[in-house]
Structure formats: C-alpha cells, structure tokens
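Q:
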Amino acid sequence: MALSYQSITLRALRDKGPDWTLRDGATWCMVTPPHHDRRSQGWKLHLSATPASAPHVLERAAPVLVAHGCAFKFAVSPRVAAELTSVRASRAQSGKFLTAYPADDDQLRALAEELHRATLGLAGPTILSDRCYRPGSLVHYRFGCFARPHELGDEGFYEGRLQAPDGTFVTDTRNPWFEPPPWAVPPFDPPAPATPGRPRGGPVLLAGRYLVREAVRHSNRGGVYRAHDRRTGEDVLLKEARPHIGAGLDGKDARDWLGYEATVLARLAPHRVTPAVREVFEAGGHVFLVEDLIDGKSLQQWAAEHSWRDSGRLPVPTAWELARRLTRLMGEVHTAGFVLRDFKPGNVVIGPDGAPVLVDLECAVRTDATAYVAGTHGFTAPEYLEGPGRDSDTPPPAPGPEADWYSLGATLLHATTGISPVLAPDTPPGRTAGDRLAALVDAAAPAFPALRALAPLVLGLTADGPSRWPLEKAAAFLRADPVVRPVTAGPALTPRRADRLVGDGLAHLAATVEPSGEYLWPGPRSLPHGDPCNVQLGAAGVLAVLDRAVRTGEMPAEPLLRTTAQWLDERLTLPSRILPGLYFGRSGAVWALHDAARTLGDTLLAERAREYALRIPLDWHNPDICHGLAGAGLAQLHLWHTTGDRRFAERASECADGLLRLTAHADRGVDWAAGPGHRAELAGSAFYGFGHGIAGNATFLLAAGRDLARPELVDIAVGGGHALCAVAERHGDAAHWPKGPGRTDRTGLDFWCNGTSGVGTFLVRLWQATGDARFRTYAELAAVAAHRDRWRVGPGTCHGVAGNAELLLDLAGATGEERYRTWAAEAANCLYSRAAERDGRLVVPDDTLREVCASYNVGMSGALDFLLRLKHGGPRSWLVDCGH
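Sequential numbering from 273 applies to the sequence shown in our numbering.
(1) Let me confirm a value: Asp461 is counted as buried when at least 16 other C-beta atoms fall within 10 Å, else exposed. Which label applies?
(2) Measure how close the beta-carbons of Val348 and Thr391 come, nearest whole angstrom, since I'm counting them as under 8 Å.
(3) Report yes if the C-beta distance between Val814 and Leu846 is below 8 Å; otherwise report no.
(4) Have a look at the DSSP bridge pairing and note the partners of Ala559.
(5) According to the neighbour-count rule (16 or more other Cβ atoms, all chains shown, within 10 Å of its Cβ), is Lys288 buried or exposed?
(6) Report the rounded CA-to-CA distance for Gly556 versus Leu383, giving the unit in angstroms.
(7) Quick one: what does DSSP say Gly1066 is sitting in, helix, strand or coil?
(8) Whole angstroms are fine: how far does the CA of Phe1034 sit from the CA of Leu1053?
(9) Do the region 600-617 and the region 485-492 meet, that is, are 3 or more Cβ pairs less than 8 Å apart?
(10) Which same chain residues end up closer than 7 Å to Arg1046 when comparing Cβ atoms and leaving out the 5 residues on each side of it in sequence?
(11) Hey, could you find the ends of the alpha helix (DSSP H) Ala627 is sitting in?
(12) Kindly indicate the opening and closing residues of the beta strand (DSSP E) around Arg302.
(13) Run the CB neighbour count on Leu1139, radius 10 Å, all protein chains shown included, and call it buried at 16 or more, exposed below.
(14) Let's test the definition: count the other Cβ atoms within 10 Å of the Cβ of Pro374 and tell me whether it reaches 16, buried, or not, exposed.
(15) Tell me the rounded alpha-carbon separation between Glu790 and Asn619.
(16) Among residues of its own chain, excluding the 5 on either side of Leu1136, which ones have a beta-carbon nearer than 6 Å to its beta-carbon?
(17) Once you ignore the five residues that flank Gln908 on each side, which residues in its own chain have a CB closer than 6 Å to its CB?
(18) What first and last residue would you give for the beta strand (DSSP E) that runs through Gln435?
(19) For Pro671, count the other beta carbons within 10 Å of its own beta carbon; 16 or more makes it buried, fewer makes it exposed. Which is it?
(20) Only counting runs of 4 or more residues, tell me where the alpha helix (DSSP H) segments fall wholly within the region 643-698, in order along the chain.
(21) How should Phe972 be labelled, buried or exposed, when 16 other C-beta atoms within 10 angstroms of its C-beta is the threshold for buried?
(22) Which residues bound the beta strand (DSSP E) around Val488?
(23) Based on Cα-Cα distance, which residue from Glu830, Ser798, Arg858 and Leu851 lies nearest to Ala812?
(24) Does Arg295 pass the burial test, meaning 16 or more other C-beta atoms within 10 Å, or should it be called exposed?
(25) Using a 10 Å radius around the Cβ and a threshold of 16 neighbouring Cβ atoms, would you call Trp529 buried or exposed?
(26) Quick check: the Cα distance between Arg1148 and Gly825, rounded to an integer number of angstroms?
(27) Whole angstroms are fine: how far does the CA of Asp803 sit from the CA of Ala989?
(28) Count the other CB atoms within 10 Å of the CB of Asn969; is the residue buried (16 or more) or exposed (fewer)?
(29) So for Ser276, helix, strand or coil by DSSP?
(30) Do you know how far the Cα of Arg585 is from the Cα of Asn894?
(31) From Phe720, Asp1111, Asp771 and Asp987, pick the residue whose C-alpha is nearest to that of Arg703; which is it?
(32) Could you tell me whether the region 655-675 touches the region 573-580, using the rule of 3 or more Cβ pairs below 8 Å?
(33) What is the rounded straight-line gap between the Cα of Arg470 and the Cα of Phe441?
(34) Would you mind reading off the limits of the alpha helix (DSSP H) that contains His606?
(35) Could I get the ranges of all uninterrupted alpha helix (DSSP H) runs contained in the region 811-845, with 4 residues as the minimum, in chain order?
(36) What did DSSP end up calling Val1073 once you bin it into helix, strand or coil?
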C-alpha cells in the first residue's frame, strides 16, 4: 500500500522534535516549523507534479524544506493532486502540488537550486502563472501573498492584496501567465530565462504551415484553435495537448490521449460520423491534432437557437429527425467497436445540412479495452461514472454500449427542453437516476411537445439496469411517425409537497448551522470565499428567510433565528472592510439584522443594527444594487420606514445623488434609445439588468423619489423604463433583454441579476407608480419569457427559477390575474423536481445542480424565501414597495 503524503512528510520530520506542525485542510496540508512567522508577501516557490510523481516529489523535497526550516504546504491527498493537473483544472492554479514560503529571498535562492537538483528527472507540468526556475525544472516561482486573503475586495470576495513600496495596494491576480507587479525585484541575478515562446497576442504559425486565426477555447489541457493551412488554403481545427496535464498513474497524459483521439478519428471518419484527421505533430513539447473544420454549431447552441425561433419549443418534426440521426450516429460508432463514454450536446456539431458529427472523442474506447473512468456528470451513465471503477488504481474494463444509451437519452432530454440532466446526489440509500429523470420528464413534458413525443424514448434510454432500451429498440420506435401526447396538467405541486420543501429546507438549515465556524453555513464550493455576513453567500440572506419563516408561523423564533442574529451581530463588530452593497456588502446584513431584532423583540440588538447602518460608507464608485449605492440606498430607505429616524432618509437621498453622479457623467454606458423628452441620467449604467444595471438603479430611484418627495428621481426612473422598453427584443408574446452594453450580448438571459426577470421586476413597479400601460405590457412580456424558461435555468434566485418566479408573484399581486400565481406554482414544481434527498430531507440544490448550500442568491435560502412568499403572501424581500 502506498504511503500517504502525510506519512512521507512525517518521515522527514522524524528527528526535528515535536514543534513542527502538520495541519490538514480540505485542499492542502500545511507544514510549519516552530515559532514560524510567515511573511505577508514575497517570492514563493511552487513544485509541480503528476499523480504518479507526486509522492516522489514530496519524498525528495520535504527533507530539503525541513532542513532549511521553511514552511510549506502540499496537496492533501492523491485525489486533490490529480485534480490540480486535470484537464478541467484552473489554468492559473494548475500543477501547484507543493508551495514553499521562504523566510527571505536568500533562502528562496538556496531552496530553488536544492529543490531543482533533488527533483530533477521527475515529471510535472509547466505552471503557467509562474516562471520556471530552469528549463525542464519542476521548480517555479512567483511573487504573491503568503497567506490566505482576509481583505474584502470591492466585489465582496476575499482577495490577496500586495503592498507596493509606496504603501499602496494592488490585487494579487492569478493569471495563466507570469506577471509579477512591476516593483517586485526579480529574485535571481540574472533572472531565470523565460520559457521560449512568442509574445502574448502575436501571430502564431505552427509546423511552418498553420496560421492560427482565433482561439475557440482555452483549457488546462491546451487550446482549441481555428487555423489557416497555408499549403492547402483551407481552414482547419487545431487541438493542443500540454505535457503532463491529465496524467494518470500509468504516466499517460493529455498528449497520449490526443494521439489516441487521432487514431479513433481515423477509424471512425470513413463512417462520416467524425471529422477527418489531417495530421498530428509536436511543437515545443506540445502535441497538436489537425482535423477538418466542421462548419456548424454545437448541438447545445443549435437546439437553443431552434427553440428560440419557435417560442421556446423545439418543433416535434425537428426533434424527431434529430433523434433518428443521433441514434444512427451512435449505432455507427458501436458497430465500429467503440463506446463513446462522453456523448453529450457539447460533443456533437450540427452541420448546415442538419447532419450531426461527433467531436472531442478522447473518451471513446474499444469495447474490449480497459480505461480509467471518464465522462460528464448528468450525461454519462451514473452506474459507470459513479460506480466501483472510478477509484480503481488500475483501469477497469470499458463499459458496454448501455452507457451510451443513457447518454443519448439525456442528450435528447436536454436538446428538446434545455433541461440539464445533472442530479444532485441523494444521501444513501437514495433514489435511482432512472426514477429521478422519469419524475423530471413527467413534470416537464406538458411544457414541451417534442418531449411529450419523445418521452417513451427518453425514459427508455435512461431507465435503470436491464430495462434500458438498446439502440435497436430506439431505432424501431423512431421509424414510426411521431405521436404527440395530449397536454395534461402534469403533477401539481400539492400543498403537501410544498410544505415538505419548506419544512425540510428549514430543518436542513437547523441541522447544518455551525455557530463556531468561520461561516455560519458553508458557502458554495464553486465560488471564492466571500463576506460571511452578507446576503449573497453569507448569514444575512439566511437570517432574512428565517425571519420570514418565524413571522409566517413556519418555525419558532428560538433557537435558530436568535442564534443566527446573535452570530451576525457579533461578526459585524469584528474588524473588516465595510462594503455598501445590498447583496455583497453590509447593507443587506443590517437590514436583515434589524428586522430579526424586531421579530425577536430585542431592542438593544435593533439599536446596534441601526448604529451599524449609519457607519456604512456612501462615498462609493459603484452605483448598482448588488455592490453599490442603489443597494445601500434601499437599505437606508427601509430603515427610515421602520424607525422614523430622519437620518436614514437623508442618507438614502445621499445615495441617490451619488448614484446619479456616477451614471449621468460616465464615459461609457448602455445604448440609450429612449427617444426625445425622456431623461437620460441613467445612461451611464453598465448593464440593463437589476443586479448591476438600469433596472436596479431605477428601482431605487423610483422608491426614493416616491418616498422622499423628490419627483425628479421618479422622472429619471421613468426615463430608464422607456429606455428598457426601447431595447427589448420581442419574440411573439415574450420579450428578452441583452446584458449590455451595446446590445451585443446574447439575449435570452432570463435572470434576475442580468436579464429579463430583473427588468420585469422594475417595470411592474414603474407601471404601478405611473399607470403607463406600456410598462405593464413589457413587464408581462418579461414574465412570459421567465415562465417559459423555468426548466432551462437553475434553481437559484440570482440566475434561476426562484428569482424569476418572484416576478410572477409581483404581477399576481399587481394585476390580480390568477395565471401569474399558477405560473409561480409551476415554477415551484421545478424546484421540487430538482430537489435532492439529504438525510431524509428534500432540499433544493445550488445552481451547479450538484451541491446543496444555504446561500441566498445561489443556494437554497432564496428558494425557501420564494416558497414562503408563494404560500403566505407578503412583500418581496430586499425591496421597498409602496404600502410595505
């Protein structure tokens, strides 16, 4: 049995006494000498490694570092080490298996040479963010922070900050290229040579013939490029593989897999199911595959555009023909003796004639071969991807064709509806993937004629075990003409189901609270660490939901509401940078804390919340709701209404003036096609949406103008409303807004923060304030778009169903029309269909659809807020509406 990394390190520490410490974290194991006083910043060393070389790198490096008394950290486990060099790893962080923190530059220079000699000949990738110590060395160096950042950046996330000699601070950026601050003196004299290559941004000619025109995408594995072949005059596709990336324990890496992909393409291209291979060559140690450039679009993009043209629904004949072609395509691959393992919409290109072509075939293997488990969550059969072979030290046998059958069903589900088939895992024993997808199909089918027609096929292909349809049965089903089942209401979100979502969600919050933790509830792992007190990711958003739950009788005030309020109260007094934004700053925190204090009847806590609110800075450079003055102004306005303290009204007015200074005189902003006579002070807003642009800024100005007797602010908000109506893109009975500026961003962003539902959130309030029917019309067009996309988006408030459905409740209350409440209930059914079972509780996952977290805007708390409002009514959170 191989020694653990910690055991290897302990051997190096054997004779050094008990004062050295080893501390495991989620990603790193930190090793510190006695009386260690780590510098705040400086030149540090990184050693790269592959999964196979990592224990040998550590075995040789640890004694060197210990002998010098140097603190260091290394990947906590082989799994983390593999993730650091995987093809999907961050390019800026990739390969950093071990980090050393020298006491000074003299020690750094001595360590660099000794570590280079000690690890010479071992394998490891180039670390893109660093400078390599010597050509071919595993030792790299960069200038940066030595400790985890504890300073909040303007965006509300913790970021490393470097102090320049003049005392100013700059962000410690981690780019996938070497870029030290200009004042950082190079530690080596002369400086270590740069890795040979071209200047960034210059033209690239490879193999003397391929002129790179553009990068299709960049990944840790390497780039994918469109290039012009000077010899043939044709455009081709180049795929790059970097050395030692995606390496396995057998030593094979992305270069081997790219070469292997070329052999697969050579076998399959004659079947007209893949691009043809032109050649494979090496340049600078990187391997490049040249293949025919397929003039088409990915299936994901193709299906979205077809749906876009047809009121959000892929036509049944189009979907049926697509299913036939994909089934034939997969059949050709299986007949040739291969199983794909990673069949998904992103790996299928639809040509101009509608014919699908397979791309990115590095996961395809012979059916009689062995290979390490690979695939994509949601599209690769879960019994294979999550099965016993995934943790094997040796490559298990390739799966049978039934793994691809599942992928075909999941792909057709996504193509016909836009639904992501990713399922947040249940805790054991859990439900099967087949049962969960069947429930999802049953719930979504009424909205999609193509899915109703293909439902037997999708359910058959994604069924569990021996019930799964083989391709022959799928092909037989598709030989018939499509039959569209009649529209039915589908499974309703019954009061019992809705109550379970709310009750289980609140119980999950109570069971997972960590009062002694740095975060009261752990945040999403997919995002950087942020302010533990704010609404977006921290405790304030959860506190607001708990407060609503107490006020509506869904839970008692003790102990969870009080525990959360007290924790937030204590954290607000700790030294920290105070940001003004409503969601990423502290304005939402004091709003939630003051409301909870009133619910608890705690006058002293309410007083402390008010005092803190008066300390929030209003001299700020961002005007928006999430990060800036519009959000701060809403909180000050709310506190004025709840306290009667005129100081809050004055501060809200100050926010309005500051916002206008930023947007009325900005050099660049959005398109402002408002027409003559409409005020344009908001034209300097960066975007159109609610979280970061015109809709949110104008919503605050509308409320401030109404409540502070400043009619000019209302006039400016009206101008913003006309501008938003002018830039809307109508598609039948729906309207969409681009993110902005310049109307060049993709439309169809039916989100709260940047997109349609956020714009509708403002326009419905503008209609209520002015009576202008045009604003109601566009708010209702936005509601149609948001409702239509309920299955295509994630569950969250910021980018998903919960936030969009809040607009539907807004319109139900404003218009009195029952259809909007019915639509909101249908949106709640999307949440129920997505929910995972965790320890017997049904809980809504976060926006990744793979994890569960408490966070308000990207996790379950925002969904709970919507469900509580759907059940009990009441105002929308974080807005100051007339009468509330």
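A virtual CB, placed ideally from N, CA and C, is assigned to each residue, including glycine.
A: With the given structure in hand:
(1) Position 189 of the sequence shown holds residue 461. Its Cβ having fewer than 16 others within 10 Å, Asp461 is exposed.
(2) In the sequence shown, the residue the question calls residue 348 occupies position 76. In the sequence shown, the residue the question calls residue 391 occupies position 119. Contact doesn't hold; Cβ gap of about 20 Å is too wide.
(3) On the sequence shown, residue 814 is found 542 positions in, with the first residue counted as 1. On the sequence shown, residue 846 is found 574 positions in, with the first residue counted as 1. Not a contact, by the Cβ cut-off of 8 Å.
(4) For the purposes of this step, residue 559 is taken as residue 287 along the sequence shown, with counting starting at 1. Reading off the sequence shown, one finds Val at residue 559, where the question assumed Ala. Bridge pairing for Val559: Ala513 and Glu554 [DSSP].
(5) If you number the sequence shown from 1, residue 288 lands on position 16. Its Cβ having fewer than 16 others within 10 Å, Lys288 is exposed.
(6) Counted from its first residue, the sequence shown places residue 556 at position 284. Counted from its first residue, the sequence shown places residue 383 at position 111. Whole-angstrom Cα-Cα distance: 28 Å.
(7) Counted from its first residue, the sequence shown places residue 1066 at position 794. Note: Gly1066 maps to strand in three-state DSSP.
(8) As a working note, residue 1053 is residue 781 in the sequence shown. As a working note, residue 1034 is residue 762 in the sequence shown. So the two alpha carbons sit approximately 13 Å from each other.
(9) Short answer: they don't touch.
(10) Within the sequence shown, residue 1046 is the residue found at index 774, counting from 1. Excluding positions up to five away in sequence, the list reads Cys997.
(11) For the purposes of this step, residue 627 is taken as the residue at position 355 of the sequence shown. Neither: Ala627 is in no alpha helix (DSSP H) and is coded neither H nor E.
(12) For the purposes of this step, residue 302 is taken as residue 30 along the sequence shown, with counting starting at 1. Sequence check: residue 302 is Met here, not Arg. Run containing Met302: Trp300 to Thr304, per the beta strand (DSSP E) assignment.
(13) As a first step, residue 1139 is located in the sequence shown; it is residue number 867 there, counting from the start. Buried.
(14) If you number the sequence shown from 1, residue 374 lands on position 102. Pro374 is buried by the Cβ-count criterion.
(15) Position 518 of the sequence shown, counting from 1, holds the residue named residue 790. Position 347 of the sequence shown, counting from 1, holds the residue named residue 619. If I take the Cα positions, the gap works out to 41 Å.
(16) Here residue 1136 refers to the residue found at position 864 when the sequence shown is read from its first residue. When the five nearest sequence neighbours on each side are left out, the beta carbons in the same chain lying within less than 6 Å of the beta carbon of Leu1136 are those of Gly777 and Val817, in order along the chain.
(17) Within the sequence shown, residue 908 is the residue found at index 636, counting from 1. So the qualifying residues of the chain are Phe920, Arg923 and Ala924.
(18) For the purposes of this step, residue 435 is taken as residue 163 along the sequence shown, with counting starting at 1. First-last of the beta strand (DSSP E) with Gln435: Arg433 to Gln435.
(19) Counted from its first residue, the sequence shown places residue 671 at position 399. Buried.
(20) 654-657 and 674-689
(21) Here residue 972 corresponds to residue number 700 of the sequence shown, with the count starting at 1. If you draw a 10 Å sphere on the C-beta of Phe972, you find 16 or more other C-beta atoms in it, and that means buried.
(22) Here residue 488 refers to the residue found at position 216 of the sequence shown. Per DSSP, Val488 belongs to the beta strand (DSSP E) from Tyr482 to Ser491.
(23) Along the sequence shown, read from residue 1 onward, the residue named residue 812 stands at position 540. Of the candidates Glu830, Ser798, Arg858 and Leu851, the one whose C-alpha sits nearest the C-alpha of Ala812 is Arg858.
(24) Locating residue 295 in the sequence shown gives position 23, counting from the first residue. So Arg295 counts as exposed.
(25) Counted from its first residue, the sequence shown places residue 529 at position 257. Buried, since its Cβ has 16 or more Cβ neighbours within 10 Å.
(26) As a first step, residue 1148 is located in the sequence shown; it is residue number 876 there, counting from the start. As a first step, residue 825 is located in the sequence shown; it is residue number 553 there, counting from the start. One C-alpha to the other measures close to 18 Å.
(27) For the purposes of this step, residue 989 is taken as the residue at position 717 of the sequence shown. For the purposes of this step, residue 803 is taken as the residue at position 531 of the sequence shown. If you take the alpha carbons of Ala989 and Asp803, they lie about 31 Å apart.
(28) Here the question's residue 969 lines up with position 697 in the sequence shown. Its Cβ being crowded by 16 or more others within 10 Å, Asn969 is buried.
(29) Within the sequence shown, residue 276 is the residue found at index 4, counting from 1. Coil at Ser276, not helix or strand.
(30) Locating residue 894 in the sequence shown gives position 622, where the first residue counts as 1. Locating residue 585 in the sequence shown gives position 313, where the first residue counts as 1. So the two alpha carbons sit approximately 39 Å from each other.
(31) For the purposes of this step, residue 703 is taken as the residue at position 431 of the sequence shown. Taking only the C-alpha atoms, the option nearest Arg703 is Asp1111.
(32) No: the two stretches stay apart, fewer than three of their Cβ pairs being nearer than 8 Å.
(33) Here residue 470 corresponds to residue number 198 of the sequence shown, with the count starting at 1. Here residue 441 corresponds to residue number 169 of the sequence shown, with the count starting at 1. Since pLDDT at Arg470 reaches only 49, below the 50 mark, its modelled position is unreliable, and no value is offered.
(34) Walking along the sequence shown from the start, residue 606 turns up at place 334. Note, His606: alpha helix (DSSP H), Val588 to Thr607.
(35) 811-823 and 832-844
(36) Mapped onto the sequence shown, residue 1073 falls at position 801. The answer is helix: DSSP assigns Val1073 an H, G or I state.
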